[in-house]
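Trainee: Structure below; questions to follow.
Residue numbers (the numbering used here): 8 to 505.
See below:
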């Protein structure tokens, strides 16, 4: 019987036998920094996706790399808050120099020359230009003696709180000129270009990097992770795929629970709040990058205000959407889709379409309330036959899952689950004597306009970007404005939309 829980430390850096998969990414790392011709590498990804663990796999080889190649591997972690003497971030470089000295000493290298340089640069009274020159001389001494330094910088996003252009320029020189060249490997949620840009830097340091965008595990890698625990069945894997996809950390926290319960459904239920908390944290991070609302806009299908660069980041670099072909993207797992759906319905994002959709739902709810009363649970049997079995089952399942996930925050009303293509079904059914008085125009007018909206503006089933020309943008805008106007005219019946 397995007695050691391989996921007991879920959420921390994974190394040793517990580090599985990522063979493609590891090969990229080694090819970039260990070859005769080497360069800098940036590992980029969302929180808890395995960036630091991938870099740790390189760091764990430091003894072998020194013995065989005279490569010195050192690790420095940036922190959210640092305190430096006189607000002097050069202490970061001093600390790195000391780590190099310590690692060389550990391997029995005569560090007398290096110690001289370390002592010199530790003098904070030294002018920065002199400090920079002395530090470069130290690394030139190492290169002259056949030693290559590989510098692992974890949590590199935080460096923007301390480093300015001259510091990025120094890092560039350290990794650029052959006489003193080192290899720099960073782990961050954003690219070096964005970090340097936000800090006001203009050194082109980012141009020295190759980037690895770390996404959730491949099918083979997730199988290796799940096989670390005995007794995970194929059915268990299906449940995990639906709950958390191939995200390594989210799988780990559920497998940690499974080690004790040996019941996958129970384990998922117990950890679902932790999964939602992780999504909350992810969106706080995305908000810092001004991408939180863009993710929801892309999910909703209303992507006209999302730039191509932002879309590229969200769809192809973060791994939170899966490309299912034909330029269609879906959230990486069911719980994330439900989370996005909840965000979309509860946040207007100041979009015309967001307000428009709330208006259309309010109009439909008004008609159903008028016909069947205000108990939304009684509406289901009355409208059930207007939908195919597949569509109705999907909406009921979505509602049930949201109730399980969000409890009191979730809506009981099936109308809140509908995709826009079904609005017209209900509008047609309850047009006479209910909706016609509110919406005006003709039924054919609204049918045509909603068909256009469903195709070009709001298609959550496709999750694909369709670029609108000016005429189409105008048509969509006029439609939204008309719906909002009709709702405002009938606010006594419908209530306020916001």
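Where a beta carbon is used, it is the ideal one built from N, C-alpha and C, also for glycine. No experiment lies behind these values; they were computed from the predicted model shown.
#1: Is the beta carbon of residue 369 less than 8 Å from the beta carbon of residue 501?
#2: Please name the residue or residues paired with residue 155 in a DSSP beta bridge.
#3: How should residue 1 be labelled, buried or exposed, when 16 other C-beta atoms within 10 angstroms of its C-beta is the threshold for buried?
#4: Could you give the C-beta distance for residue 157 and residue 129, rounded to a whole number, given that I count them as a contact under 8 Å?
#5: Please report the residue range of the alpha helix (DSSP H) in which residue 284 lies.
#6: Specify the secondary structure class of residue 86 as computed by DSSP and reduced to three states.
#7: Whole angstroms is fine: what's the gap from residue 133's alpha carbon to residue 327's?
#8: Within the same chain, show all residues whose beta-carbon is closer than 7 Å to that of residue 96, passing over the 5 residues directly before and after it, in chain order.
#9: Nearest-angstrom Cα distance between residue 412 and residue 246?
#10: Report back the beta-carbon spacing between residue 55 and residue 28 to the nearest angstrom; my notes put them in contact at under 8 Å.
#11: Using the Cα positions of residue 363 and residue 347, report the straight-line distance between them to the nearest angstrom.
#12: So, are the CB atoms of residue 262 and residue 230 less than 8 Å apart?
#13: Could you name the residues of the same chain whose beta carbon sits closer than 8 Å to that of residue 535, not counting the 5 residues immediately before and after it, in chain order?
#14: Buried or exposed: residue 470, going by 16 or more other Cβ atoms within 10 Å of its Cβ?
#15: Find the nearest neighbour of residue 380 within the set 189, 344, 397, 420, judged by alpha-carbon distance.
#16: What do you reckon, are the CB atoms on residue 40 and residue 190 nearer than 8 Å?
#17: Name the residue from 87, 214, 142 whose alpha carbon lies nearest to the alpha carbon of residue 105.
#18: What whole-angstrom Cβ distance do residue 103 and residue 123 have, given they're in contact under 8 Å?
#19: List the endpoints of the continuous alpha helix (DSSP H) containing residue 307.
#20: Count Cβ pairs between the stretch 480-491 and the stretch 425-442 that sit closer than 8 Å; are there 3 or more?
#21: In three-state DSSP terms, what is residue 161?
#22: Check whether the stretch 252-270 touches the stretch 280-288, counting contact only when three or more Cβ pairs, one atom from each stretch, lie closer than 8 Å.
#23: Helix, strand or coil for residue 11 per DSSP?
#24: Identify, in the order they occur along the chain, each residue of the same chain with its Cβ nearer than 6 Å to the Cβ of residue 65, setting aside the five sequence neighbours on each side.
#25: Does the structure place the stretch 337-351 close enough to the stretch 394-408 that three or more beta carbon pairs sit under 8 Å?
#26: Measure the CB-CB distance between residue 298 and residue 320 and report whether it falls below 8 Å.
#27: By the three-class DSSP mapping on this structure, what secondary structure does residue 19 have?
#28: Going along the chain, which residues of its own chain have a beta-carbon closer than 6 Å to the beta-carbon of residue 548, five neighbours each way excluded?
#29: The alpha helix (DSSP H) with residue 5 in it runs from where to where?
#30: Could you tell me the distance, in whole angstroms, from the CA atom of residue 494 to the CA atom of residue 294?
#31: Assuming residue 226 is part of the alpha helix (DSSP H), what are its boundary residues?
#32: Give me the Cα-Cα distance between residue 266 and residue 242, rounded to the nearest whole angstrom.
#33: Per DSSP, which one or two residues make a beta bridge with residue 336?
#34: According to DSSP, is residue 30 part of a helix, a strand, or is it coil?
#35: Considering only residues of the same chain and omitting the five flanking positions on each side of residue 127, which have a CB-CB separation below 6 Å?
Mentor: Looking at the coordinates:
#1: yes
#2: 78
#3: The question about residue 1 has no answer, for the chain in this structure spans 8 to 505.
#4: Their Cβ separation, rounded to whole angstroms, is 23 Å, which puts residue 157 and residue 129 out of contact at 8 Å.
#5: 271-295
#6: coil
#7: 47 Å
#8: 169, 170, 174
#9: 15 Å
#10: Contact flag wrong, Cβ pair sits at about 15 Å.
#11: 18 Å
#12: no
#13: What the structure shows of the chain is the stretch from 8 to 505, and residue 535 is not part of that stretch, so it cannot be assessed.
#14: In this predicted model, residue 470 has a pLDDT of only 43, less than 50, meaning its place in the structure is not dependable; the value taken from the coordinates is given anyway. Buried, by the Cβ-count rule.
#15: 420
#16: yes
#17: 142
#18: The Cβ separation is near 17 Å, so there is no contact.
#19: 299-307
#20: no
#21: strand
#22: yes
#23: coil
#24: 36
#25: yes
#26: yes
#27: coil
#28: With the chain covering 8 to 505 only, the question about residue 548 has no answer from this structure.
#29: Since the displayed the chain opens at 8 and closes at 505, residue 5 lies outside it and no answer follows.
#30: 31 Å
#31: 226-233
#32: 16 Å
#33: 330
#34: helix
#35: 141
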